[in-house]
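A.B. asks: This is the structure, below, for whatever I ask next.
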Amino acid sequence: MIDAATGAPLPATQVSIPGTAFGTLTSPDGAYLIAGVPAGLYTVQARRIGYADARRENVAVTDGASVSVDFDLRITALSLDEVVVTGVADPTSARRVPFTVGRVGGENLQVPPADAVSSIQGKIAGVSSTTPAQPGGGVNIVLRTPTSINRSNTPLIVVDGVILASTFGRSSTDLSSLDIESIEVVKGAAAASLYGSRAANGVIQIRTRRGTGLDTEGTRVTVRTELGVNQLNRRISLSAHHHYLTNAQGQYVDNDGNVVAREARVPRPASERFLDVPYADPVYDHIDQFFDPGQFMVNSVTLARSSDATNFFASFGNHQIGGVVLDHGGYGRNDLRLNLDHRLGANLQFSFSGYHMRSERQELPDETFRQLVQQAPDVDLLRRDPDGT
101 MIDAATGAPL
111 PATQVSIPGT
121 AFGTLTSPDG
131 AYLIAGVPAG
141 LYTVQARRIG
151 YADARRENVA
161 VTDGASVSVD
171 FDLRITALSL
181 DEVVVTGVAD
191 PTSARRVPFT
201 VGRVGGENLQ
211 VPPADAVSSI
221 QGKIAGVSST
231 TPAQPGGGVN
241 IVLRTPTSIN
251 RSNTPLIVVD
261 GVILASTFGR
271 SSTDLSSLDI
281 ESIEVVKGAA
291 AASLYGSRAA
301 NGVIQIRTRR
311 GTGLDTEGTR
321 VTVRTELGVN
331 QLNRRISLSA
341 HHHYLTNAQG
351 QYVDNDGNVV
361 AREARVPRPA
371 SERFLDVPYA
381 DPVYDHIDQF
391 FDPGQFMVNS
401 VTLARSSDAT
411 NFFASFGNHQ
421 IGGVVLDHGG
431 YGRNDLRLNL
441 DHRLGANLQF
451 SFSGYHMRSE
461 RQELPDETFR
471 QLVQQAPDVD
481 LLRRDPDGT
């Protein structure tokens, strides 16, 4: 495979036999090999961005023999049409579909987010997302203005053609960001013709990586480690004053001025009930006591390989994410993915996609933060009882 004008070899040129599953890419020196082609007459096609397509008709292949087909490609101005696969039965040019499809490709996912689908935030117009406070909680995404108070407004998630569970928050957490090749989004009910009423709130179509795109007999190994710290996004000012009766020394008293225990303190009359009396020392910041930065570590290994008849993509990830609540709220996950494509013949191809995930999350009550804010600051919530508990 060479450039017709310069005679230089053309790497990464797609060579295929139309009507069959046979195809490959040229090597850096412009050579290519398509093995296992049955005997017969074929058309061989060569395509490369920036060059005009070239075809060789009636190429005869006989049993036990090899055939050489050379191409001289000429530079030409080409325009590429975006292909849509979401909401349509077959891949269709974006100019021919009656609805708008937003797309985020792998080139926009160089830095993978904590949640797989949160990467569409800010990249596709009209998408609104809410990130949960607890580690491992799935992000809530709305593709347009909510249409119902009682029913769910979350879109349908489809991964490699498989519809995930209706609990969107958990589904988005179960996916590894590094496994994603592209994300396509159809807003509203435009995709209902293919997915039915479940797509009334839109569709998020996720395609995971496979072994395609590599040179023939090429292998790619990627090892990635992420380290970081989770912490509160911001702090709020807490009140350190109360409205109970006290004497000049700051001790609690009753209506007669007698010193009483904290449990028997008496509030001031309703007309004077302002939070303007400072608590006596010591006072405690409960947010500071119970919220502590937590470390997280994410390790992942991916392996991709492409050969004449088989290509595959395998990945393993380990996620250990610490919460910001003292001794609680952690999240751990191990996930394993295998995508395999094998060509069995000229017109038959076998594809397999498998994913296994195991996670563990320490749940916290939803009102933990509110209870800490409302707790009186003169109470030491970390003080142990006489028995040590």
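In the numbering used here, the protein residues as written are 101 to 489. We put the CB at the ideal spot given by N, CA and C, even for glycine.
1. Can you list, in chain order, the residues of its chain whose CB lies under 8 Å from that of V366, leaving out five sequence neighbours each side?
2. Drop a sphere of 10 angstroms on the beta-carbon of F268, count the other beta-carbons inside from all chains shown, and report buried for 16 or more, exposed for fewer.
3. Could you tell me which of Q349, S400, F396 sits nearest to D381, measuring between CA atoms?
4. Keeping to the same chain, check which residues put their C-beta closer than 8 Å to that of S127; ignore five residues upstream and five downstream.
5. In the structure shown, what three-state DSSP assignment does N208 receive?
6. In whole angstroms, what separates the C-alpha of R334 from that of A340?
7. Do T124 and L133 come within 8 Å of each other at the CB atom, strictly closer than that value?
8. Using 10 angstroms around the beta-carbon of V242, count the other beta-carbons present and answer buried if the total reaches 16, otherwise exposed.
9. Is the beta carbon of G445 closer than 8 Å to that of G423?
10. If I measure Cβ to Cβ from Y151 and keep anything under 7 Å in the same chain, skipping five residues before and after, which residues do I get?
11. I need the DSSP call for Y379, collapsed to helix, strand or coil.
12. Put G269 into one of helix, strand or coil per three-state DSSP.
13. Just curious, the alpha helix (DSSP H) that H442 is in, first and last residue?
14. To which residues of the same chain is R416 closer than 6 Å at the C-beta, ignoring the five residues directly before and after it?
15. Pull up the DSSP beta-bridge partners for M457, would you.
16. Below 6 Å CB to CB, which residues in the same chain sit around E284 once its five sequence neighbours on both sides are set aside?
C.D. replies: With the given structure in hand:
1. The residue labelled residue 366 in the question sits at position 266 within the sequence shown. Closer than 8 Å at Cβ, skipping near neighbours: Y344, L345, Y352, V353, D354, N355, V360.
2. Reading the sequence shown from its first residue, position 168 is the one you call residue 268. Residue placement at F268 cannot be trusted, given a pLDDT of 41 that sits under 50; the coordinates are not used to answer.
3. The sequence position of residue 381 within the sequence shown is 281, counting from 1. Of the candidates Q349, S400, F396, the one whose C-alpha sits nearest the C-alpha of D381 is Q349.
4. Taking the first residue of the sequence shown as position 1, residue 127 is located at position 27. Cβ neighbours of S127 beyond the five flanking positions: P111, D315, T316.
5. For the purposes of this step, residue 208 is taken as residue 108 along the sequence shown, with counting starting at 1. DSSP places N208 within a helical segment (H, G or I) once states are collapsed to three.
6. What you label residue 334 is simply residue 234 of the sequence shown in a count that begins at 1. What you label residue 340 is simply residue 240 of the sequence shown in a count that begins at 1. Distance from the CA of R334 to the CA of A340, rounded to the nearest whole angstrom, comes to 19 Å.
7. By one-based count along the sequence shown, residue 133 stands at place 33. By one-based count along the sequence shown, residue 124 stands at place 24. In contact: L133 and T124 (Cβ atoms closer than 8 Å).
8. Within the sequence shown, numbered from 1, the residue matching residue 242 stands at position 142. Around the beta carbon of V242, 16 or more other beta carbons sit within 10 angstroms, so the residue counts as buried.
9. Residue mapping note: residue 423 aligns to position 323 of the sequence shown, counting from 1. Residue mapping note: residue 445 aligns to position 345 of the sequence shown, counting from 1. Cβ distance not < 8 Å, so G423 and G445 don't count as in contact.
10. Along the sequence shown, one-based indexing puts residue 151 at 51. For Y151, same chain residues with a beta-carbon under 7 Å away, outside a window of 5 residues either side, are L173, R174, I175, T176 in chain order.
11. The residue you call residue 379 lines up with position 279 of the sequence shown. In the structure shown, Y379 sits in coil (DSSP, three-state: anything other than H, G, I, E or B).
12. To locate residue 269, count along the sequence shown from 1; it is residue 169. Since pLDDT at G269 reaches only 44, below the 50 mark, its modelled position is unreliable, and no value is offered.
13. The sequence position of residue 442 within the sequence shown is 342, counting from 1. Annotation for H442: no alpha helix (DSSP H) segment contains it, though the beta strand (DSSP E) segment containing it runs 431-445.
14. Counted from its first residue, the sequence shown places residue 416 at position 316. Inspection of the sequence shows that residue 416 is occupied by Phe rather than by Arg. Closer than 6 Å at Cβ, skipping near neighbours: V401, L436.
15. The residue you call residue 457 lines up with position 357 of the sequence shown. DSSP lists D435 as the beta-bridge partner residues of M457.
16. On the sequence shown, residue 284 is found 184 positions in, with the first residue counted as 1. Scanning its chain for C-beta atoms nearer than 6 Å, with the 5 sequence neighbours on each side dropped, one finds around E284 the residues T186, V201, R203, Q305, in chain order.
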